[in-house]
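Taking it in order: structure first as structure tokens, then the write-up.
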Amino acid sequence: NPTLGAALFNASVLQIFARHERVHGAHHMAMAGPNYGSLIGTERGVRFRNPQFYVMREYGREAGNLLVGLQLDPQAARFNSQPVKGLSGQTDVPMLDAIATRDPGSRKYALYVVNRSLNAAVRTSIKMNLPAGVTGTVSVLNGPSYTSRNTADNPTLVNLSTVAFGGGGSFSYDFPAHSMTVFRWQR
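Quick note: the sequence shown uses my numbering, first residue 2, plus one each step.
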């Protein structure tokens with residue numbers, strides 16, 4: 002299932018691995034093909050990036066970095082889930098899932114936010130301890146729907162777009178529905 006929704010699920014799983022030292026896991030991943038988790042899709046001899054590609058590339062950039070504290074205030078942005086095959090439903094689940102990192106030299110910082118809502122943007126205030134004079138970018142992985150997928154006919158339906166971002170350590174932001182947003186700063 003190489004959809005945007007599956008890629009966002011995996012982004013949240015990777016954040017759990019980053020937050021909890023004792024959580025280890027193996028994850029099925031294929032380089033190419035029609036299977037769940039493939040990074041590169043293929044159709045009629047055409048190759049294209051699946052949403053998983055962007056998730057794995059962005060989180061892979063954090064190897065060796067350290068987690069740092071952040072304050073995220075999504076107010077009442079929470080949801081309840083239904084039971085799924087032997088698992089009970091969850092209540093009061095935050096729509097936003099976030100981690101923040103810095104490199105060991107304290108020159109590069111990143112903030113990853115997954116908006117798990119299938120249909121609502123979430124506005125929130127964010128506070129991080131960033132040094133003065135940082136410059137940054139914001140990248141958003143999204144598509145028209147959480148069921149969106151790239152195909153040979155539309156290889157960039159789900160894509161990562163990056164723009165300059167001037168916000169410092171304290172700002173507000175609207176996180177689009179069913180999206181992964183990555184802020185990067187450096188000094």
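All C-beta atoms, glycine included, are put in the ideal place defined by N, C-alpha and C.
Computed from a predicted model, the values in this text were never measured in an experiment.
Glutamine 72 - containing alpha helix (DSSP H), residue span:
No alpha helix (DSSP H) holds glutamine 72; the beta strand (DSSP E) holding it covers 71-74.
So, at 7 Å on beta carbons, what are the nonlocal neighbours of phenylalanine 184 in its own chain, with the 5 sequence-adjacent residues on each side left out?
Ala111, Leu112, Gly137, Val139 and Phe166
With a CB to CB cut of under 6 Å and the five nearest residues on each side skipped, what residues in its chain are close to lysine 1?
Nothing about residue 1 can be reported from this structure: the residues present for the chain run from 2 to 188 only.
Does the separation of the CB atoms of threonine 160 and asparagine 51 fall below 8 Å?
As written in the sequence, residue 160 is asparagine, which differs from the threonine given in the question. It is not a contact, given that the beta carbons lie outside the stated cut-off.
With C-beta atoms as the reference, is tryptophan 186 less than 8 Å away from valine 114?
no
Close beta carbons around glycine 70, own chain, < 6 Å, minus the five adjacent residues each side:
none
Rounded C-alpha distance that separates proline 84 from aspartate 93
14 Å
Buried or exposed for threonine 148, please, with buried defined as at least 16 other CB atoms from any protein chain shown within 10 angstroms of its CB.
exposed
Does the structure place the segment 11-18 close enough to the segment 56-64 that three or more beta carbon pairs sit under 8 Å?
yes
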